[in-house]
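What follows is a short report on a single structure.
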Amino acid sequence: MEEILEFRADAEKKLADLESGDDRLAELRRRESALDAELRESGAALGEVRSAAAASLEGRVAESLAFLDMPKVRFAISVTPLDEPSPRGLDRVEFMIATNPGEPQRPLAKIASGGELSRIMLSLKSVMSDIDGIPTLIYDEVDAGISGKTSRKVGIKLKEAARGAQIFCVTHSAQIASLADTHLLISKTERDGRSESTVTRLDEAGRVEETARILGGINVTDAQRIAARELIAEGRAL
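With the first letter of the sequence shown counted as 1, position 232 gets the number 231 in numbering that gives the first Met the number 0; the numbers rise by one all the way through.
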């Protein structure tokens, strides 16, 4: 008897669900419509903020690139509406770049070389360092294909970025290395037929010697040591 009563109660519940199905469906559709309107309103507001921020960021990055001796690089931020909402909003945001005059702008990741990309990203990070919240940044080959003067400017930008984040920079440039707060020397040796890498934290004398070696090559001279000390002193004064 108990099983029959349970069956009856279950059947009545299922029948009630079926009878109220149209009302529930209508309510769900109303909720869907309201949520869609809210989504599109929020997405449109986000798009306006993005467009305004893009215009400001473009100008600041252009100034930074000019400082890094890349005045002919054209940087732009493309904010393109999407047909359907995505988890990131109603727009697709792309960083666009043209590294040479007369070239069309293309997505940054597809056309920039390693050294160019590092310097462009350095410009972006130096501009956005106060808001992006990334605690540690690593730069490799940021000095590729540039002169000593430009290397120094790159080092200055790295030092500026280091005020808001921890910066690791792998470099062969004395102009950059001499600006660091800490100088680590990476050396490679061979033992039992295998290569081993050693990382050594340099003291003041070691920094001077290594900076002079980078400046001058195999045989370090007193003149190169003097130049190295001047570079390090200038870096501390910035």
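Each residue gets a CB set at the ideal place from its N, CA and C atoms; glycine is no exception. Given the structure is predicted, the values throughout are model-derived calculations rather than measurements.
Does the beta-carbon of Glu229, which I'm using as the reference point, lie nearer than 8 Å to any heavy atom of the ligand ATP?
Ligands in the displayed structure: none, and consequently the ligand ATP is not present.
Secondary structure at Lys71, three-state DSSP: helix, strand or coil?
Counting from one through the sequence shown, the residue named residue 71 turns up at place 72. Correct three-state label for Lys71: coil.
Under the three-state DSSP convention, the category Asp131 falls into
The residue given as residue 131 occupies position 132 in the sequence shown. Annotated three-state conformation of Asp131 is coil, per DSSP.
Can you tell me whether Ser122 is helix, strand or coil according to DSSP?
In the sequence shown, counting from the first residue as 1, residue 122 sits at position 123. Collapsing the DSSP output to three states places Ser122 in a helix.
Within 10 angstroms of the Cβ of His171, are there 16 or more other Cβ atoms? Answer buried if so, exposed if not.
As a first step, residue 171 must be located in the sequence shown, where it is residue number 172. Burial state of His171 is exposed, judged by a 10 Å Cβ sphere holding fewer than 16 other Cβ atoms.
Counting Cβ pairs closer than 8 Å, one from the region 61 to 68 and one from the region 153 to 162, do we hit at least three?
Look at the beta carbons and you see the region 61 to 68 touching the region 153 to 162: at least three pairs across the two are nearer than 8 Å.
Cβ-based neighbour list, Gly215, same chain, cut-off 7 Å, excluding 5 preceding and 5 following
Here the question's residue 215 lines up with position 216 in the sequence shown. Same-chain partners within the cutoff: Gln223.
Euclidean distance between Cα positions of Ala173 and Ile133:
Taking the first residue of the sequence shown as 1, we reach residue 173 at position 174. Taking the first residue of the sequence shown as 1, we reach residue 133 at position 134. Distance between the alpha carbons of Ala173 and Ile133: 27 Å.
Which residues bound the alpha helix (DSSP H) around Leu183?
By one-based count along the sequence shown, residue 183 stands at place 184. For Leu183, there is no enclosing alpha helix (DSSP H); the residue is part of the beta strand (DSSP E) that begins and ends at Leu183 to Arg190.
DSSP three-state label for Gln223, please.
One-based indexing of the sequence shown puts residue 223 at position 224. Gln223: helix per DSSP, three-state reduction.
Where does Gly88 land, buried or exposed, given buried means 16+ other C-beta within 10 angstroms?
For the purposes of this step, residue 88 is taken as residue 89 along the sequence shown, with counting starting at 1. So Gly88 ends up on the buried side.
Is the region 201 to 213 touching the region 177 to 190, taking contact as three or more C-beta pairs under 8 Å?
Look at the beta carbons and you see the region 201 to 213 touching the region 177 to 190: at least three pairs across the two are nearer than 8 Å.
Grab me the residues of Ile213's own chain with a C-beta within less than 6 Å of its C-beta, minus the 5 sequence neighbours each way, in chain order.
By one-based count along the sequence shown, residue 213 stands at place 214. Cβ within range, chain order: Ala173.
Would you mind reading off the limits of the beta strand (DSSP E) that contains Gln174?
For the purposes of this step, residue 174 is taken as residue 175 along the sequence shown, with counting starting at 1. It is not in any beta strand (DSSP E) - Gln174 instead sits in the alpha helix (DSSP H) that spans Ala173 to Ala176.
Which of the three DSSP states, helix, strand or coil, is assigned to Ser32?
Counted from its first residue, the sequence shown places residue 32 at position 33. Assigned with DSSP and collapsed to three states, Ser32 falls in helix.
Less than 9 Å between the C-beta atoms of Thr197 and Lys187, yes or no?
Taking the first residue of the sequence shown as 1, we reach residue 197 at position 198. Taking the first residue of the sequence shown as 1, we reach residue 187 at position 188. Against a cut-off of 9 Å, the Cβ pair of Lys187 and Thr197 comes out as a contact.
Over the uninterrupted beta strand (DSSP E) stretch that includes Arg91, give me the two end residues.
The residue labelled residue 91 in the question sits at position 92 within the sequence shown. That run of the beta strand (DSSP E) goes Gly88 to Ala97.
Let me know the secondary structure DSSP gives Thr210 once reduced to three states.
Counting from one through the sequence shown, the residue named residue 210 turns up at place 211. Correct three-state label for Thr210: helix.
Decide if Leu237 is buried, meaning its Cβ has at least 16 other Cβ atoms within 10 Å, or exposed.
Taking the sequence shown and counting its residues from 1, one reaches residue 237 at position 238. Taking all protein chains in view, the Cβ of Leu237 is surrounded by fewer than 16 other Cβ atoms within 10 Å, so the residue is classified as exposed.
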